[in-house]
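Everything in the sequence shown is counted per UniProt numbering, starting at 1 for the first residue and increasing by one. A virtual CB, placed ideally from N, CA and C, is assigned to each residue, including glycine. Quick caveat: nothing in here was measured; it's all calculated off a predicted structure. Below: the structure, in structure tokens.
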Amino acid sequence: MNLKNSIQIIVSCVLGLVTVLAAPYHVQAEQYIYSVSQGFEFSSGKYGTDTRTDTIFAPLTIFASPTDRLSLSLEIPFVYQSNGNVVSSIARGGMQGGRTTMLSAVGMSGMSGTGSGMSSSSGSMNQSESGLGDITLKVGYILLSEKDSMPQIRPMAFVKFPTADKNKSLGTGEFDEGFAVEITKWLGNWNPFVEAGYTVQGKSTQLALKNYMAYNAGVGYQVADNFRPILLIKGTTPPADGASSLLEVRLKLKFQVTKQTGIDGYIAKGITTNSPDFGTGLSVFYDF
1 MNLKNSIQII VSCVLGLVTV LAAPYHVQAE QYIYSVSQGF EFSSGKYGTD
51 TRTDTIFAPL TIFASPTDRL SLSLEIPFVY QSNGNVVSSI ARGGMQGGRT
101 TMLSAVGMSG MSGTGSGMSS SSGSMNQSES GLGDITLKVG YILLSEKDSM
151 PQIRPMAFVK FPTADKNKSL GTGEFDEGFA VEITKWLGNW NPFVEAGYTV
201 QGKSTQLALK NYMAYNAGVG YQVADNFRPI LLIKGTTPPA DGASSLLEVR
251 LKLKFQVTKQ TGIDGYIAKG ITTNSPDFGT GLSVFYDF
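In structure tokens form, the structure reads like this:
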């Protein structure tokens with residue numbers, strides 16, 4: 001199966017979620033301690049270079065909520081890139097309820113002051129690469145629970161481990177650490193949210209990395225007990241010298257299939273130079 005067919009299948013699955021809503025049913029809310037999610041994300045763009053790069057990001061994520069306020073997650077991704085013109089997985093923080101990851105796979109131009117596109121350190125710019133991506137550990141804590149006149153406020157912190165092979169352009173080869181604060185509030189069936197954070201990147205002799213701010217904001221609407229579409233924007237300030245800021249618009253659909261099983265799907269459109277031209281993804285999670 002080629003990449004074009006894979007994209008068509010993912011888009012069909014995402015749009016097909018709407019059709020399932022023809023017979024919605026009530027799903028009772030229940031608290032589960034653990035959850036596991038398997039995702040599949042595709043993005044494509046030129047990222048300031050002359051060559052299009054297709055990226056597949058398939059994260060396995062394990063969640064744990066030992067208390068009502070405390071949550072932890074461990075993301076273990078598989079990454080594929082069609083060439084080595086850009087570097088994948090510059091940043092992955094936690095966004096919007098812990099199940100939406102930030103910046104599935106991004107490329108940046110600029111290599112130690114060149115500003116003309118980042119080549120693979122192995123020199124194999126036209127060769128596809130795949131392997132383990134950077135593993136991310138995240139912890140979040142609900143500092144203030146939602147009340148009638150108050151939103152829920154949840155700070156979180158994360159660390160990205162350099163488990164991806166930087167010689168294959170699958171990662172930067174550096175540790176990243178960061179923090180963010182998420183604010184969300186239910187207003188009837190509407191659920192607006194906003195999140196802002198800061199990432200400290202490791203120092204690299206090959207890449208002109210720099211620290212950056214990230215943000216995520218949008219609104220969801222509870223159409224049925226088991227279905228919520230969400231419209232959001234997400235982006236960062238430039239993550240490296242010579243790179244543009246990152247900005248994309250995303251339409252996400254959340255569908256609760258059973259009390260313990262759910263599906264998230266999205267389609268995305270990049271706006272800035274170093275954002276993907278387009279992206280799509282689908283993930284399935286199971287609570288237990």
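- In the DSSP assignment, Phe-158 falls within the beta strand (DSSP E) that extends over 152-161.
- Across the set Phe-288, Gly-265, Leu-246, the C-alpha of Leu-246 shows the shortest separation from the C-alpha of Ile-271.
- By alpha-carbon distance to Thr-136, the top candidate from Gln-256, Glu-182, Lys-185, Phe-63 is Phe-63.
- Within the model, the alpha-carbon separation for Pro-151 versus Asp-50 is close to 45 Å.
- Taking C-beta atoms under 8 Å as the contact rule, Gly-171 and Gly-133 qualify, at a distance of about 6 Å.
- By a beta-carbon distance limit of 8 Å, Val-257 does not contact Ser-37. Their separation comes to about 13 Å.
- CA-CA distance, Ala-217 to Tyr-198, rounds to 15 Å.
- When DSSP states are grouped into helix, strand and coil, Asn-167 belongs to the helix group.
- Residue Asp-54 holds the alpha-carbon nearest to the alpha-carbon of Glu-129 among Gly-48, Leu-72, Asp-54, Gly-279.
- For Phe-57, the enclosing beta strand (DSSP E) starts and ends at 53-64.
- Inter-segment contact for the region 186-193 and the region 159-175 is absent: fewer than three beta-carbon pairs are separated by less than 8 Å.
- Ser-169 and Gly-281 do not touch by the CB rule: their CB atoms are close to 21 Å apart, not below 8 Å.
- The beta-carbon separation of Phe-278 and Ala-268, rounded to 7 Å, stays under the 8 Å limit for a contact.
- DSSP links Trp-186 through a beta bridge to no other residue.
- Under DSSP, no beta-bridge partner is assigned to Phe-175.
- For the 8 Å CB-CB criterion, Ser-204 and Glu-182 do not form a contact.
- As computed with DSSP, Val-139 is found in a beta bridge with Leu-72, Ala-157.
- For Phe-78, DSSP records a beta bridge to Ala-58, Leu-132.
- Taking the Cα positions, Trp-186 is about 12 Å away from Ile-153.
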